[in-house]
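Student:
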Amino acid sequence: MGIFKITVENLEWIDGKKDNPNDLCLHGDAAAKIGEEIFEYNATVSATALYLLKTLTQNHIMNEENQMLPCCGHYMIPDNDLTNVDICGCPNGIDWTVLHDKDRIKLITESGKETTISLKEYQKEVFRFADKIEDFYKKCSPKNLSNEYDRNCYHAFWNEWHRRRGEHGQNEIA
Numbered sequence: 004m005g006i007f008k009i010t011v012e013n014l015e016w017i018d019g020k021k022d023n024p025n026d027l028c029l030h031g032d033a034a035a036k037i038g039e040e041i042f043e044y045n046a047t048v049s050a051t052a053l054y055l056l057k058t059l060t061q062n063h064i065m066n067e068e069n070q071m072l073p074c075c076g077h078y079m080i081p082d083n084d085l086t087n088v089d090i091c092g093c094p095n096g097i098d099w100t101v102l103h104d105k106d107r108i109k110l111i112t113e114s115g116k117e118t119t120i121s122l123k124e125y126q127k128e129v130f131r132f133a134d135k136i137e138d139f140y141k142k143c144s145p146k147n148l149s150n151e152y153d154r155n156c157y158h159a160f161w162n163e164w165h166r167r168r169g170e171h172g173q174n175e176i177a
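The sequence shown begins at 4 in the numbering used here and counts up one residue at a time.
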């Protein structure tokens with residue numbers, strides 16, 4: 004196992020079902036290995052994947068933003084042109100810092116331990132995790148987006164996801 008690995012098992016919606024067209028946020032048993040430390044949490048892994056994608060181009064500071072393994076994502080706020088979304092949740096979860104240093108990524112855990120990985124290896128692991136989450140969405144029923152606000156949130160989520168994921172054969176989920 005590498006110095007950074009993130010996995011997820013038992014993907015399901017908040018009601019415990021494997022498909023729920025009314026739930027927009029996917030949950031699962033996530034595990035992150037950072038250096039010699041392992042963190043496990045039943046997280047909102049759809050938010051985790053988007054947060055990880057964000058860290059490919061920007062720093063994430065522990066305890067100043069959403070947790071990397073968040074408990075929940077109760078509320079989404081899309082920007083006006085539906086290209087980005089903020090996800091707000093509760094203060095529960097597991098977090099770590101992600102810092103860019105040229106072509107290296109430094110991960111700092113709550114214990115203060117630092118692990119450095121190449122941006123290329125980090126990107127590979129983030130893409131692998133995000134693709135697993137997106138594949139699960141693709142296998143589920145289309146979402147019931149009964150109101151304009153939910154529709155805007157969901158489209159902004161996937162628009163930001165795909166922009167950050169890049170042009171790697173991923174199709175927008177609508």
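Note that beta-carbon positions come from the ideal geometry of N, C-alpha and C, so glycine has one too. This structure is a prediction, so every number in the text was calculated from the model and none was measured.
1. Are there three or more Cβ pairs, one per stretch, closer than 8 Å when the stretch 136 to 148 is compared with the stretch 61 to 74?
2. Just how far apart, CA to CA, sit C75 and D18?
3. May I have the straight-line CA-CA distance separating L27 from A34, to the nearest angstrom?
4. Nearest to P73 by alpha carbon, out of R107, K146, S49?
5. When DSSP builds the beta bridges, which residues end up paired with A46?
6. Could you say which of N25, K36, D22, R168 lies nearest to I6 if we only look at CA atoms?
7. Using only the alpha-carbon positions, how far apart do K20 and K105 sit?
8. With a 10 Å radius around its C-beta and 16 neighbouring C-beta atoms as the bar for buried, classify E163 as buried or exposed.
9. Nearest by alpha-carbon distance to C91: which of D98, N69, I108, I111 is it?
10. Give me, in chain order, the residues of the same chain whose beta-carbon lies closer than 7 Å to that of L56; leave out the 5 immediate sequence neighbours on both sides.
11. Give the range of the beta strand (DSSP E) segment to which N13 is assigned.
12. Return the chain-ordered list of same chain residues with a C-beta closer than 7 Å to the C-beta of L122, the five sequence neighbours on each side being excluded.
13. Please name the residue, chosen from M71, N147, P24, that lies closest to Y44 on a Cα-to-Cα basis.
14. Should P94 and V88 be called a contact, given that it needs their Cβ atoms to be closer than 8 Å?
Tutor: Judging by the given coordinates:
1. no
2. 13 Å
3. Rounded to whole angstroms, the gap between the alpha carbons of L27 and A34 is 21 Å.
4. S49
5. Note: A46 sits in a beta bridge opposite G31.
6. For the residues N25, K36, D22, R168, the minimum Cα distance to I6 belongs to K36.
7. 42 Å
8. buried
9. N69
10. V129, A133, W164, R167, R168
11. 7 to 15
12. D106, R107, I108
13. M71
14. no
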